[in-house]
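For reference, the structure discussed in these notes is given below.
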Amino acid sequence: MKRLVLILCLLAAPLWAVEPGEMLDDPVLEDRARTISQGLRCPVCQNESIDESNATLAKELRIVLRERIVAGDTDAQAVDFIVSRYGEFVLLRPDTRGANLILWFAAPALLLVALGIGWTAIRRRPAADEGLSDAEKAELEKILRP
Amino acid sequence: MLIELGHFALILAFGVASVQMIVPLVGAHRGNAGWMAVAEPAATVQFLLTGFAFAVLTWAFVTSDFSLQLVFLNSHTDKPMIYKITGVWGNHEGSMLLWMVILTLFGAFAAWFGDGLPTRLRARVLAVQASIAVAFFAFVIFTSNPFLRLEVPPLNGRDLNPLLQDPGLAFHPPFLYLGYVGLSMAFSFAVAALIEGRVDAAWGRWVRPWTLAAWMFLTVGIALGSWWAYYELGWGGFWFWDPVENASFMPWLIATALLHSAIVVEKREALKSWTILLAILAFGFSLLGAFIVRSGVLTSVHAFANDPERGMLILIILAVFLGGALTLFAFRAHAMESKGVFSTVSRESALILNNILLAVSSFVVFIGTIWPLVAELLFDRTLSVGPPFFDAAFTPFMVALAIVLPLGSILAWKRGTFGRAAKPLLGWLMLAVALAGLAYAVQSGNSALGPIGVALGVWVVGGAIADLWVRSGREGFADRVRRMSRLPRADWGKATAHIGIGVTIFGIAAMLAWQKEDIRVANVGDRWDVAQFSFQLDDVGQEQGPNYQTTLAEISVWRGTREVTMLEPEKRFYPVANMPTTEAAIANGILRDLYVVIGDPQEGGGWAVRVYVKPFANWIWGGAILMALGGVFSLSDRRLRVGAAAAKQTMPKGAPAE
Chain A
1 MKRLVLILCL
11 LAAPLWAVEP
21 GEMLDDPVLE
31 DRARTISQGL
41 RCPVCQNESI
51 DESNATLAKE
61 LRIVLRERIV
71 AGDTDAQAVD
81 FIVSRYGEFV
91 LLRPDTRGAN
101 LILWFAAPAL
111 LLVALGIGWT
121 AIRRRPAADE
131 GLSDAEKAEL
141 EKILRP
Chain B
1001 MLIELGHFAL
1011 ILAFGVASVQ
1021 MIVPLVGAHR
1031 GNAGWMAVAE
1041 PAATVQFLLT
1051 GFAFAVLTWA
1061 FVTSDFSLQL
1071 VFLNSHTDKP
1081 MIYKITGVWG
1091 NHEGSMLLWM
1101 VILTLFGAFA
1111 AWFGDGLPTR
1121 LRARVLAVQA
1131 SIAVAFFAFV
1141 IFTSNPFLRL
1151 EVPPLNGRDL
1161 NPLLQDPGLA
1171 FHPPFLYLGY
1181 VGLSMAFSFA
1191 VAALIEGRVD
1201 AAWGRWVRPW
1211 TLAAWMFLTV
1221 GIALGSWWAY
1231 YELGWGGFWF
1241 WDPVENASFM
1251 PWLIATALLH
1261 SAIVVEKREA
1271 LKSWTILLAI
1281 LAFGFSLLGA
1291 FIVRSGVLTS
1301 VHAFANDPER
1311 GMLILIILAV
1321 FLGGALTLFA
1331 FRAHAMESKG
1341 VFSTVSRESA
1351 LILNNILLAV
1361 SSFVVFIGTI
1371 WPLVAELLFD
1381 RTLSVGPPFF
1391 DAAFTPFMVA
1401 LAIVLPLGSI
1411 LAWKRGTFGR
1421 AAKPLLGWLM
1431 LAVALAGLAY
1441 AVQSGNSALG
1451 PIGVALGVWV
1461 VGGAIADLWV
1471 RSGREGFADR
1481 VRRMSRLPRA
1491 DWGKATAHIG
1501 IGVTIFGIAA
1511 MLAWQKEDIR
1521 VANVGDRWDV
1531 AQFSFQLDDV
1541 GQEQGPNYQT
1551 TLAEISVWRG
1561 TREVTMLEPE
1571 KRFYPVANMP
1581 TTEAAIANGI
1591 LRDLYVVIGD
1601 PQEGGGWAVR
1611 VYVKPFANWI
1621 WGGAILMALG
1631 GVFSLSDRRL
1641 RVGAAAAKQT
1651 MPKGAPAE
């Protein structure tokens, strides 16, 4: 039974994201690898970074990434290496080229517009006026002296 | 037979909803009291029929009736009873039926407790609510019927997704749906008011409790989902900016804005058309959420039942309701004239700023969520938008909101001055800055995240306390405390919810900034240090659960020579679903969580082990609980309770006096 369980566990996809065996001995390089891999999407997964994913491809990409870093690539070069093979789909942080400018700047632009509209709407409305209109005065009179 | 009765009840409820959609609306238009009165019994009957259908489906799950296709696909005789019951909504069809039960329940509540509403408005609200029900009844009956039978009943079922066999996730959907669907009430009130062409303070008072209730449930639902992700997915993340999470977060942000603008309508009779628009948008985002989760257009970790045809139908429902309501809004919005006037520096202006920040931050989440779709359709680019985008684009709005919150919430209505508002806050501002400085000096590394979180947390919490303090008068300390305890519960609700926001902001920043991680291969007997703790792998064994096998490790945690706790992380394997899950072992604490995960056996002997020390993790969900609690306080405010009761006595006139 015990052996069966062990086999079943090994057959099932590894449960884990980064495994100890993959990690680099140099903590500085490993730190860089972790940071980069948190920004790269696992191409076969549903919205997970290769750092979190349990898929085999994610594991391979983690190892490739570490090989590039050990080989002396800068962070940007290592990322480009993977993007050149899997496309910009793997970038969890979309770049600011072309149409992506809309993605990045739509909200700040909307904020400015909203603040502008809000400001003019507040300024244009009559300032708080303490007095009552004649109709209101009449009504107040009615309420106070029934 | 019972199953067929349930099926029949569902179809009957569809018919009743259709009647309730048309008759009261026509009655309200013609001023026919009899036709308008149809709405109330119809709403009750609709709820009873749907509730019966749901009870039948639950019964089928409890008795493991595998002649029902849905039970066969999602249940198993070995499954613990609690998960047999929660399995009812652990799938697309059953969860839609739960959605219907809640939708009709809200409609019935409006019928039962809506005595104070003007008759005409009530008839219209119930009719609009029924029209939403009609759309979804049609959706359930024609595309997602839970009552389909199998010709040859199999001996056993295929089991529920093991990830869903968990208390956190089992009760996550009902809360979430109570929130999503609760927003339909605000929508119905908004559309009814547009048809009526009238919004006044009484309308604001009627909408606010519904929105508040929906918002509370949504808060709890989102917190449960995030808590589940934290302990179940195995690396202690609590928010992934996943499309499905965003789907619940967008309506929450808009509902938060709506809550605040409805206050302005109620107290000051201003911002009327904006509030109506928010009510429409909030439910629109709920429907968008349903579309995202159920269509599979956007890939996600936890979407279920992906089906383009169903997605299409939800999209049509979304288009009809949102489009219809917005068209109505365009024609009628100008009729909602504001009465209340206010100057530039006032609580009203502060709440407008609150609304702008919340609406724009919700837009950030929206555009980030749908951008991959837009980019692919229009620009032919296959790309991803992940956490790094949202962290960068969303956080600034929340920081801005936290900065203005204390000042805005203490400003006077109508006409305020910054000087007077800032005075009671100065002490807290200095404390916030001082503690942030202290945090910066004590922490290792020089990340700004932790100190900023400390400063914002202290500032927001302090602001909420100062707000209460200011309202307690000018007498001696004892007198002020006495007066404070007698403040209306709505004031306590406001303070509690704002304290909750501060606590959550601090928790998120502190955990992200100061957590420690350790990944290693450990042999039985090994001992290693993480942060101020030592961890020792004592034993690893195999055990058998009710419907799974498990690898169970024992890890003792030490601080110096004192044993802090014993943790037992598990790695389970569910044979029926052929799926492994991690069960992290967590020692919860107020100041830190110890989080341990056991991994695979290694080739050279030993086990992979992951250890995290996560400071202040529980504050994240503690803050969410405080927010929901603030909602409870507000809902129990005398104004709402007495208002409703008094309205019963003065029946025909409706809206109670202030």
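Sequence lines, in order, name chains A and B.
The first sequence begins at 1 in the numbering used here and counts up by one.
The second sequence begins at 1001 in the numbering used here and counts up by one.
Beta carbons: idealized from backbone N, C-alpha and C, even for Gly.
No experiment lies behind these values; they were computed from the predicted model shown.
- In the displayed model, Ser1556 of chain B falls within a strand according to three-state DSSP.
- Within chain A, no residue has its beta carbon less than 7 Å from that of Phe1329 of chain B; the closest one is some 17 Å off.
- In this structure, Val1088 of chain B and Phe1061 of chain B form a Cβ contact; the two beta carbons are roughly 5 Å apart against a cut-off of 8 Å.
- Counting only residues of its own chain and dropping the five nearest sequence neighbours on each side, Phe89 of chain A has a CB closer than 8 Å to the CB of Arg41 and Pro43.
- In this structure, DSSP gives Ala1584 of chain B a state outside helix and strand, which the three-state scheme calls coil.
- Taken through DSSP and simplified to helix, strand or coil, Ile50 of chain A comes out as coil.
- Close to Pro20 of chain A, with beta-carbon spacing below 7 Å, are these residues of chain B in chain order: Ile1519, Arg1520, Val1521 and Ala1608.
- The Cβ atoms of Val1360 of chain B and Leu111 of chain A sit closer than 8 Å to each other.
- Taking C-beta atoms as the reference points, Gly1197 of chain B and Ala1412 of chain B fail to come closer than 8 Å.
- In the same chain as Thr1211 of chain B, and ignoring 5 residues on each side of it, the C-beta atoms closer than 8 Å to its own belong to Gly1182, Leu1183, Met1185, Ala1186, Ala1255, Leu1258, Leu1259, Ala1262, Ala1279 and Ala1282, in chain order.
- Minimum Cα-Cα distance from Met1036 of chain B among the listed residues B:Arg1208, B:Thr1119, B:Ala1439 and B:Phe1066 corresponds to B:Thr1119.
- Going by DSSP, Phe1533 of chain B is part of the beta strand (DSSP E) stretching over Phe1533 to Gln1544.
- Taking a cut-off of 8 Å on C-beta distances, the region 1583-1603 of chain B touches the region 1558-1569 of chain B, as three or more cross pairs fall below it.
- Rounded to whole angstroms, Gln1020 of chain B and Ala1478 of chain B show a C-alpha spacing of 56 Å.
- Looking at the DSSP output, Tyr1595 of chain B bridges to B:Ile1586 and B:Tyr1612.
- Nearest Cα to Ser1447 of chain B within the set B:Gly1015, B:Pro1167 and B:Gln1515: B:Gln1515.
- Secondary structure note for Met1100 of chain B: its alpha helix (DSSP H) is the uninterrupted segment His1092 to Phe1113.
- The straight-line gap separating the alpha-carbon atoms of Pro108 of chain A and Leu1224 of chain B is approximately 31 Å.
- Per DSSP, the unbroken beta strand (DSSP E) holding Asp1529 of chain B starts and ends at Arg1527 to Val1530.
- Under DSSP, Val1454 of chain B shares a beta bridge with no residue.
- Within a 10 Å sphere around the beta-carbon of Asn1578 of chain B sit fewer than 16 other beta-carbons, which makes this residue exposed.
- Counting along the chain, no alpha helix (DSSP H) covers Val1152 of chain B, and no H or E run does either.
- In the DSSP assignment, the residues bridged to Leu1567 of chain B are B:Ile1555.
- At a cut-off of 8 Å between beta-carbon atoms, Phe1379 of chain B makes contact with chain A.
- Counting only the Cα atoms, Gln77 of chain A lies some 11 Å from Ala71 of chain A.
- Nearest CB-CB separation between Ser133 of chain A and chain B: not below the 8 Å threshold.
- Contact annotation, Glu1563 of chain B with Asp1539 of chain B: C-beta distance approximately 15 Å; criterion of less than 8 Å not satisfied.
- Within the same chain, no residue comes within 6 Å of Phe1379 of chain B by CB-CB distance, once the 5 residues on both sides are set aside.
- Counting only residues of its own chain and dropping the five nearest sequence neighbours on each side, Arg1310 of chain B has a CB closer than 7 Å to the CB of Thr1143, Ser1144, Arg1294 and Ser1295.
- About 5 Å separates the CB atoms of Trp1227 of chain B and Trp1621 of chain B; that is less than 8 Å, so the two are in contact.
- Residues of the region 90-116 of chain A with a C-beta less than 9 Å from any C-beta of chain B: Val90, Leu91, Leu92, Arg93, Pro94, Asp95, Gly98, Ala99, Asn100, Ile102, Leu103, Trp104, Ala106, Ala107, Pro108, Leu110, Leu111, Ala114 and Leu115, listed in chain order.
- Contact of Val1364 of chain B with chain A by beta-carbon distance below 7 Å involves Ala107.
- Ranked by Cα distance from Gly1289 of chain B, the options B:Tyr1230, B:Lys1084, B:Ile1314 and B:Glu1269 are led by B:Ile1314.
- Using a Cβ-Cβ cut-off of 8 Å, Asp1529 of chain B does not count as an interface residue toward chain A, since no Cβ of chain A sits closer than that to its own.
- Across the set B:Ile1356, B:Leu1468, B:Asn1074 and B:Glu1269, the C-alpha of B:Glu1269 shows the shortest separation from the C-alpha of Val1341 of chain B.
- Among the bridge pairs identified by DSSP, Pro1174 of chain B is matched with none.
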